[in-house]
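Student: In this note's numbering, the protein residues as written are 962 to 1228.
Glycine included, C-beta positions come from ideal geometry on N, C-alpha and C.
Remember, predicted model here, so these are calculated numbers, not experimental data.
Have a look at the structure that comes next, please.
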Ligand code: SAM
């Protein structure tokens, strides 16, 4: 997979030389290139911003500079299998489903905004050219720039590429996986630490009971911490044991889905 990141702070991306992403780059699983947007500025000061038309605070990133950079990186015409990612607080939420989808895209180009953001015509222009453009938000808060968002996207996507995480099994039961649950609590040695012991079932060596306990814990955690995720559970994925546990936790499985309490759905 190839990922190009365009930024006015290329140094921001040095952590991507470390750990699993760094290794993926060294072994060639991930071809990550970081570009300085100012290389496409045309004046002596390498200016990339200007004041907002219509007035107001702050500065806006210029479409002409972004246009030069993106034309060069996206290519003309842009090859199929290329997607332009623009981090912005007004984008659609970046989730594990988004990461899974992007992990199957051969070439991502991430455009990091700064100041008040990138002139809106940039996204509009490349969409009109037929380029897949996705505006993504990390969450409902405002960062100073798109670099942190780009780091998040690169890491979340890269770890899904085959061969990046040593044991692919470790991706299966994670939070926000296919089951739609938070992960169960995890423990390691020593089994007794200070006044805390681990749940005895984990020392039983009984794989079936351990799997059941972990699934129960995942439901309990999800119900307690993320009721919004409970509502998205798929009834067909829930066995009788799950349904009984959900009832104890205060959730009902109805034709319309999983709902709090003993709510029933009107005809
Ligand atoms: N004026 C913009 C607004 O109110 O929507 C905020 C601009 S923000 C200060 C500068 C840049 O940070 C954005 O262009 C974007 O690249 C990035 N950014 C800030 N918050 C973000 C978020 N929640 N998700 C993704 N990117 C974000």
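Quick check on the burial criterion: 16 or more other C-beta atoms within 10 angstroms. Buried or exposed for residue 1164?
Tutor: exposed
Student: State the Cα-Cα distance for the pair residue 1011 and residue 1022, rounded to the nearest angstrom.
Tutor: 6 Å
Student: Residue 1076: beta carbon under 7 Å from a heavy atom of the ligand SAM?
Tutor: yes
Student: Output the distance between the C-alpha atoms of residue 1124 and residue 1065, rounded to the nearest integer angstrom.
Tutor: 14 Å
Student: Could you give the C-beta distance for residue 1177 and residue 1142, rounded to a whole number, given that I count them as a contact under 8 Å?
Tutor: About 11 Å separates the two Cβ atoms, so there is no contact after all.
Student: Using only alpha-carbon positions, find the residue among 983, 1000 and 1002 that is nearest to residue 993.
Tutor: 983
Student: Let me know if residue 965 comes out buried or exposed under the rule of 16 or more other beta-carbons within 10 Å of its beta-carbon.
Tutor: buried
Student: Nearest by alpha-carbon distance to residue 1045: which of 1034, 1145, 1203 and 1216 is it?
Tutor: 1034
Student: Residues in its own chain within less than 8 Å of residue 1228 by CB, not counting five upstream and five downstream?
Tutor: Annotation note: pLDDT 49 at residue 1228 (below 50); position unreliable, coordinate value reported separately. If we look at residue 1228 and ignore the five residues flanking it on each side, it has no Cβ neighbours.
Student: Does any heavy atom of the ligand SAM sit closer than 7 Å to the C-beta of residue 1054?
Tutor: For the ligand SAM, not one heavy atom lies less than 7 Å from the Cβ of residue 1054.
Student: Roughly how many angstroms separate the alpha carbons of residue 990 and residue 1117, rounded to a whole number?
Tutor: 15 Å
Student: If I measure Cβ to Cβ from residue 1086 and keep anything under 8 Å in the same chain, skipping five residues before and after, which residues do I get?
Tutor: 1024 and 1028
Student: Where does the unbroken beta strand (DSSP E) through residue 1201 begin, and where does it stop?
Tutor: Looking at the DSSP string, residue 1201 is not in any beta strand (DSSP E); the run it does join, the alpha helix (DSSP H), is 1201-1209.
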